[in-house]
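Student: Numbering (the working numbering), first residue to last: 261 to 520. No residue lacks a Cβ here, since even glycine has one placed at the ideal position from N, Cα and C. Owing to the predicted nature of the structure, the values given are computational and were not obtained by experimental measurement. Next up is a structure, given as structure tokens.
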């Protein structure tokens, strides 16, 4: 914390670190698969410092794109971020402006929005897959998988005893699995989240068979207009949609819907 981020000491460290990292990733033949990010959720007041950090990175790894979780489109408009990842609350500000749409949510997107908080009905978790398909989202960021700490990792937190990191996060935000003696223990929320992604993949398959427009027409016939501020009010709606998608795929493939 005592080192100035744009100062010569830190810049020199980054040159050594990133250059060595690039060499290592190239040796592993995975360099092209890596994304780099500068800062988590920068806001307007951080633009100047973010711009300096972005330039340092550009000088070292000019061939790599940067993507960051954002709430403000100005970072993209000014060319500071190559691939912006807007929070679901502000995704409409980015839709149609970026060639590759990503999104994310934290524990604080709750009222109206899809999320996977412990307090939420599972349908508000699962609907995300349908939303990602409808918006043709290319990638989704999530936090977190197994963060068993309070803010800035100041204290360890046992999720079996405190689901909200001693009141710092909405319950369930910081973890999708529980610690177990033989590995992670899956939460219902993670299983449901996966079901939502499987819904999305089924829609993508159907889209490859009958076209995106017809697939979206089927989706909207069951749940109405799809956006990030609405979720079905009953489980039957989502389950009925998936059954309709499976049946349509089965017809296209000449199979029984139970085989899909």
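Given a cut-off of 7 Å on the beta-carbon distance, is the pair residue 482 and residue 466 in contact?
Tutor: no
Student: Looking at the unbroken alpha helix (DSSP H) that takes in residue 285, where does it start and where does it end?
Tutor: 268 to 287
Student: Taking residue 428 and residue 410 to be in contact with their CB atoms under 8 Å, please state how far apart those CB atoms are, rounded to whole angstroms.
Tutor: Contact holds; Cβ gap of about 5 Å.
Student: Here's a check: name, in chain order, each residue in its chain whose Cβ is nearer than 7 Å to the Cβ of residue 360, leaving out the five neighbours to either side.
Tutor: 343, 398
Student: Under the three-state reduction of DSSP, which class applies to residue 451: helix, strand or coil?
Tutor: helix
Student: In chain order, what residues of the same chain lie with their CB nearer than 7 Å to the CB of residue 437, ignoring the 5 residues before and after it?
Tutor: 405, 406, 444, 445, 446, 447, 450
Student: Going by DSSP, which residues form a beta bridge with residue 399?
Tutor: 362
Student: Under a three-way DSSP split, which group does residue 486 fall into?
Tutor: coil
Student: First and last residue of the alpha helix (DSSP H) that includes residue 347?
Tutor: Premise fails: residue 347 is in no alpha helix (DSSP H) and is neither H nor E.
Student: To the nearest angstrom, report how far apart residue 548 and residue 469 are at their CA atoms.
Tutor: With the chain running from 261 to 520 in the structure shown, residue 548 is simply not present.
Student: Mind reading off the beta-carbon distance from residue 321 to residue 278? Whole number of angstroms is fine, and I expect it under 8 Å.
Tutor: Contact between residue 321 and residue 278 is confirmed by a C-beta separation of about 6 Å, below the 8 Å threshold.
Student: Would you give the residue range spanned by the beta strand (DSSP E) that residue 328 belongs to?
Tutor: Here the beta strand (DSSP E) through residue 328 covers 327 to 330.
Student: Using C-beta distances below 6 Å, list every residue in its chain close to residue 348, excluding the 5 sequence neighbours before and after it, in chain order.
Tutor: 363, 365, 369, 373, 488
Student: Exposed or buried, which one is residue 305 when buried takes at least 16 other CB atoms within 10 Å?
Tutor: exposed
Student: Just the C-alpha distance for residue 455 and residue 395, rounded to the nearest angstrom, thanks.
Tutor: 18 Å
Student: Out of 350, 283, 267, 353, point me to the one whose CA is closest to residue 309's CA.
Tutor: 267
Student: When DSSP labels each residue in this structure, what does residue 375 get in the three-state scheme?
Tutor: coil
Student: I'd like to check one pair, residue 378 with residue 423: are the Cβ atoms closer than 7 Å?
Tutor: yes
Student: Give the secondary structure of residue 406 by DSSP, where H, G and I count as helix, E and B as strand, and everything else as coil.
Tutor: Here residue 406 sits in strand by DSSP.
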